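Following: one structure in structure tokens, then a few remarks.
Residue numbers (my numbering): 3 to 289.
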């Protein structure tokens with residue numbers, strides 16, 4: 003049961019908290035309603051690059067201080083970008099919850115994107131591209147999206163292209179922040195043994211004073227796709243196959259039977275239909 007508590011501030015930021023008394027660990031983070039689908043054509047890969055650059059310095063912290071702030075107390079700081087969301091999150095002992103909350107707020111709203119760090123991180127992302135391209139089980143997902151969505155923003159690789167990533171400068175990250183970060187399109191959520199009133203006390207200090215950044219964010223609707231297939235030959239030993247199509251939205255109750263069907267057909271249980279057939283019966287695959 004999702005028995006969480008919620009509070010919305012006048013600037014639009016929503017605070018969600020779930021108290022779990024039996025744990026000493028806190029997990030918290032900002033979820034921003036921004037993703038690679040919100041990029042313009044010349045910005046491909048900018049959302050993901052922006053997420054990386056948020057760790058490279060704020061008005062009051064250098065990159066090392068950001069990375070060491072939670073590690074020094076046994077915590078973890080991380081982030082990820084999807085086509086529709088960006089998340090900055092932390093996991094640590096709840097006794098250090100305020101430290102994590104303050105740090106996450108700082109890097110989400112006060113990053114400075116120093117030019118000297120842009121060039122270094124550019125190399126990291128180009129290597130990340132190579133890593134995924136060298137992993138067929140990952141590359142096939144990106145290829146599938148490109149086939150399904152075509153030239154729609156949802157069809158563009160989250161990492162962008164080597165050409166686009168090679169051209170970004172500090173000003174591009176500031177512009178992306180100004181264009182996309184809106185206080186009414188982000189949430190700070192947490193799970194810990196702390197009572198809601200304590201989390202809200204900290205949020206009153208850290209979130210309530212932030213100026214409201216409101217505004218519409220139009221998203222290009224997806225008109226549909228034509229059935230098609232694609233085959234790419236690579237000098238590898240195994241074949242990787244993916245079959246898919248449209249389904250019900252995440253919030254649609256009719257989606258639940260599809261989750262059940264997924265488990266019955268493909269796992270993760272060892273007794274799934276596919277595992278029993280192609281692995282246990284015929285020995286055709288490892289996984």
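Using N, Cα and C, we set each Cβ at its ideal position, and we do this for glycine too.
All of these numbers come straight from a predicted model, not from anything done at the bench.
With contacts defined by Cβ atoms closer than 9 Å, residue 240 and residue 166 do not form a contacting pair. Cβ-Cβ distances below 8 Å link residue 208 to 103, 104, 107 in the same chain, with the five nearest sequence neighbours on each side left out; the list follows chain order.
The beta carbon of residue 31 lies closer than 6 Å to those of 89, 90, 91 in the same chain, with the five residues before and after it left out.
Excluding residues up to 5 positions away in sequence, 59, 60, 61 lie with their Cβ nearer than 7 Å to the Cβ of residue 114 in the same chain. Excluding five sequence positions before and after residue 85, the CB atoms of its chain that fall closer than 7 Å to its own CB belong to 37, 38, 39, 156, 160, given in chain order. CA-to-CA, the gap between residue 286 and residue 261 works out to about 25 Å. Counted as a single uninterrupted DSSP element, the alpha helix (DSSP H) harbouring residue 166 occupies residues 164-169.
From the listed residues 98, 281, 21, the smallest Cα separation to residue 193 is found for 21. Per DSSP, the beta bridge partners of residue 7 are 19.
Beta-bridge partners of residue 90 (DSSP): 32, 81. Put simply, the backbone Cα of residue 133 is about 24 Å away from that of residue 118. Rounded to whole angstroms, the gap between the alpha carbons of residue 236 and residue 63 is 45 Å. Your pair residue 267 and residue 276 checks out as a contact, with CB atoms roughly 6 Å apart and the cut at 8 Å.
Excluding five sequence positions before and after residue 79, the CB atoms of its chain that fall closer than 6 Å to its own CB belong to 72, 92, given in chain order. With a beta-carbon spacing of about 5 Å, residue 19 and residue 198 fall inside the 8 Å limit used to define contacts. Rounded to whole angstroms, the gap between the alpha carbons of residue 70 and residue 183 is 26 Å.
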